[in-house]
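See below for the structure under consideration.
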Amino acid sequence: MANERLAIEGGQKAVRQLGPYPAKLGREELWALIDLWDFSPQTKEKLKGIIFSDPQVRGPHLFRYYGPKPSQVEAAEKAMAETMGVKHCLAVNSCTSALVASFRALGIGAGDEVIVPAYTFFATAAAVAACNAVPAIVDVDDSLTMDPRAAEKAITKRTKALAPVHMRGAPAQMDALMDLADRKGLPVVEDVAQACGGSFGGQRLGSVGTLGCFSFDFYKIAVSGEGGFVTTNDEWLYTRAQSWHDTAACWRPDRYARERRDGELFCGENYRMSELQGAVALAQIKKLDAMLAGYRRAKASIKENIETLPGLQFRRVPDDRGDTGICLIFFLPDAGLTRKALAALQAEGVPAGGIYDSKVRDWHIFTYWEHVLDKKCVAPDGLPWSALPEKELPPYARDMCPRVLDLLARSIHVEINCHYSAEDCAAIARGINKVLRAYLGQ
Ligand SMILES: Cc1ncc(COP(=O)(O)O)c(C=O)c1O
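Okay, so the sequence shown: first residue is 7 according to this note's numbering, each after it adds one.
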């Protein structure tokens with residue numbers, strides 16, 4: 007048989023058309039998402055009818071890069087950068103990832119130390135260890151955030167960063183911490199997981215230090231199920247965090263360019279945020295300030311109606327104007343009284359909880375971080391602890407931060423909802439007054 011004329015030489019193409027084929031994601035996947043929302047059965051039926059009668063439903067490109075439409079993740083990054091007042095923002099899949107990417111961007115690794123507070127979700131310390139560095143754990147003060155004096159005492163020649171945590175919605179003592187960091191030439195990585203939108207001295211948290219790390223997991227202020235962001239004004243650190251988050255220096259101005267500067271190319275991991283999370287995060291960022299206004303209004307209304315009683319001490323908030331208002335914490339004179347008052351508050355229907363009970367395990371309190379205290383490792387190489395001689399490791403002991411245990415055992419945490427009505431606030435304040443009057447002896 008004679009050879010056919012090749013298409014390249016003007017012959018007929020062998021393959022004239024492929025597709026169109028159904029999109030990867032279609033009606034079933036859209037329905038799976040809608041079904042997560044609690045619509046009434048009637049509305050669900052209507053929506054189902056509309057979705058399944060349309061043959062044209064083509065699902066979205068859920069990868070943040072290469073999509074045919076503008077990326078939701080990128081839009082969320084822009085909105086977050088604008089809201090937080092920073093030049094650069096990187097979306098990631100969690101705050102833990104944000105912390106690791108930030109520490110890696112700073113070049114932190116084996117043999118280094120990072121100072122973390124004794125009261126934070128364990129992720130702050132775990133992220134340090136995941137970089138093969140070791141966390142130096144320091145006590146908190148009456149703000150329940152890193153005590154700047156304790157941080158100063160813990161600094162060694164191996165210290166590479168301070169990682170203050172804005173716990174339970176309130177800013178850490180950022181003026182003293184930034185002063186310390188400046189004096190010692192150390193970068194500050196703010197853990198903003200629990201205080202998204204808060205501020206210190208008029209600057210949004212996450213824009214005060216060198217880098218800020220946010221969580222959008224479902225239990226935080228703004229949420230996308232899972233998710234996180236890194237904020238910074240430093241372009242080089244952003245470039246390095248961005249590379250770490252996407253396996254290997256992918257998205258510098260030119261993806262396949264050779265290294266422009268020492269330290270630009272290295273092997274990273276994959277912390278990318280998906281378009282699903284990006285879309286939800288963007289909607290939440292747009293609502294953030296309205297939610298914060300609700301939290302602050304409700305907290306102020308409860309707090310100003312609580313009677314002044316001897317023995318009642320409110321948690322110190324280093325900058326009241328920058329408090330997110332997600333909770334109201336006060337200390338009572340001793341742990342036994344706190345437990346009794348707590349039970350009475352709960353019986354009144356006040357949304358109150360304790361923070362620390364020595365019999366209840368909790369990953370937010372350093373005494374339970376046996377992964378660190380007992381120097382646990384994931385592999386026989388013994389890292390991160392084996393990178394330093396035993397005597398040079400931070401001195402870990404269960405009694406090394408007594409203040410945090412004393413304060414937390416005497417803490418009562420009242421949950422604030424940004425939707426509380428004036429009546430809700432009045433009832434909560436009434437319940438608190440009723441119980442505290444009884445227990446504080448008036
Ligand atoms: C203070 C703090 N840091 C870090 C994290 C980790 O956040 P993610 O769950 O997004 O990794 C949390 C989450 O609970 C947190 O509370």
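Backbone N, C-alpha and C define an ideal beta-carbon position, used for all residues, glycine too.
Inset, instruction - Can you tell me which of the three DSSP states Phe-58 falls into? - result: helix
Inset, instruction - Give me every residue whose Cβ sits closer than 6 Å to any heavy atom of ligand 1, in chain order. - result: Ser-100, Cys-101, Thr-102, Thr-126, Phe-127, Ala-129, Thr-130, Val-171, Asp-197, Ala-199, Gln-200, Ser-221, Asp-223 and Gly-234
Legend entry - Short Cβ contact (8 Å threshold) for Val-236 with Cys-256: no
Inset, instruction - Count the other C-beta atoms from every protein chain shown that fall within 10 angstroms of the C-beta of Cys-383, then say buried if there are 16 or more, exposed otherwise. - result: exposed
Inset, instruction - Leaving aside the five residues before and after Ala-341 along the sequence, list all residues of the same chain whose C-beta is less than 7 Å from its C-beta, in chain order. - result: Ala-415 and Arg-416
Inset, instruction - Compare the C-alpha of Glu-83 against each of Met-297, Ala-182 and Cys-95 and name the closest. - result: Cys-95
Inset, instruction - Please go through the segment 51 to 137 and give each complete alpha helix (DSSP H) segment of 4 or more residues, from N-terminal end onward. - result: 78 to 90, 101 to 111 and 129 to 136
Legend entry - C-beta atoms of Arg-98 and Met-297 nearer than 8 Å: Note on identity: in this sequence residue 98 is Val, with Arg being the wrong assignment. No, the Cβ-Cβ distance between Val-98 and Met-297 is not below 8 Å.
Legend entry - Which of helix, strand or coil DSSP assigns to Lys-166: strand
Legend entry - 8 Å Cβ shell around Ser-149 - same chain, five flanking residues per side excluded: Ala-176, Ala-178, Gln-179, Arg-321, Arg-322, Val-323 and Pro-324
Legend entry - Cβ-based burial, Asp-260 [other Cβ within 10 Å; buried from 16]: exposed
Inset, instruction - In angstroms with no decimal places, state the Cα-to-Cα distance between Val-146 and Ala-156. - result: 8 Å
Inset, instruction - Using DSSP bridges, identify the partner residues of His-419. - result: Ile-335 and Gly-359
Inset, instruction - Apply the 10 Å Cβ neighbour rule to Arg-193 and answer buried if 16 or more other Cβ atoms are within range, or exposed otherwise. - result: Contrary to the premise, residue 193 reads as Pro rather than Arg in this sequence. Buried, because 16 or more other Cβ atoms sit within 10 Å of the Cβ of Pro-193.
Inset, instruction - Using the DSSP secondary-structure output, state which residues sit across from Phe-206 in a beta bridge. - result: Gln-209
Inset, instruction - Within 10 angstroms of the Cβ of Lys-226, are there 16 or more other Cβ atoms? Answer buried if so, exposed if not. - result: buried
Legend entry - Three-way DSSP call (helix, strand, coil) for Asn-276 in this model: strand
Legend entry - Residue from Leu-413, Ala-432 and Leu-394 with nearest C-alpha to Thr-162: Leu-394
Inset, instruction - Give a yes or no on whether the C-beta atoms belonging to Ile-56 and Arg-174 are separated by under 8 Å. - result: no
Legend entry - Cβ-Cβ distance between Cys-431 and Ala-247 below 8 Å: no
Inset, instruction - Check each candidate in Lys-397, Lys-50, Met-86 and Ala-160 and name the one with the smallest Cα separation from Gly-284. - result: Met-86
Inset, instruction - Give a yes or no on whether the C-beta atoms belonging to Val-171 and Cys-137 are separated by under 8 Å. - result: no
Legend entry - Any beta strand (DSSP E) of 3 or more consecutive residues that is wholly inside the segment 285 to 357: 333 to 337
Legend entry - Inter-residue Cα distance where the pair is Leu-338 and Thr-330: 23 Å
Inset, instruction - Could you give the DSSP three-state label for Glu-376: helix, strand or coil? - result: helix
Inset, instruction - Given a cut-off of 8 Å, decide if Ala-358 and His-425 are closer than it, judged by their beta-carbon atoms. - result: no
Legend entry - Three-way DSSP call (helix, strand, coil) for Cys-431 in this model: helix
Inset, instruction - Give the straight-line distance between the Cα atoms of Ala-349 and Ile-438, rounded to the nearest whole angstrom. - result: 12 Å
Legend entry - Assumed close pair Leu-282, Gly-203 - CB separation to whole angstroms, cut-off 8 Å: Not quite, the Cβ-Cβ distance comes to about 22 Å (not below 8 Å), so this is no contact.
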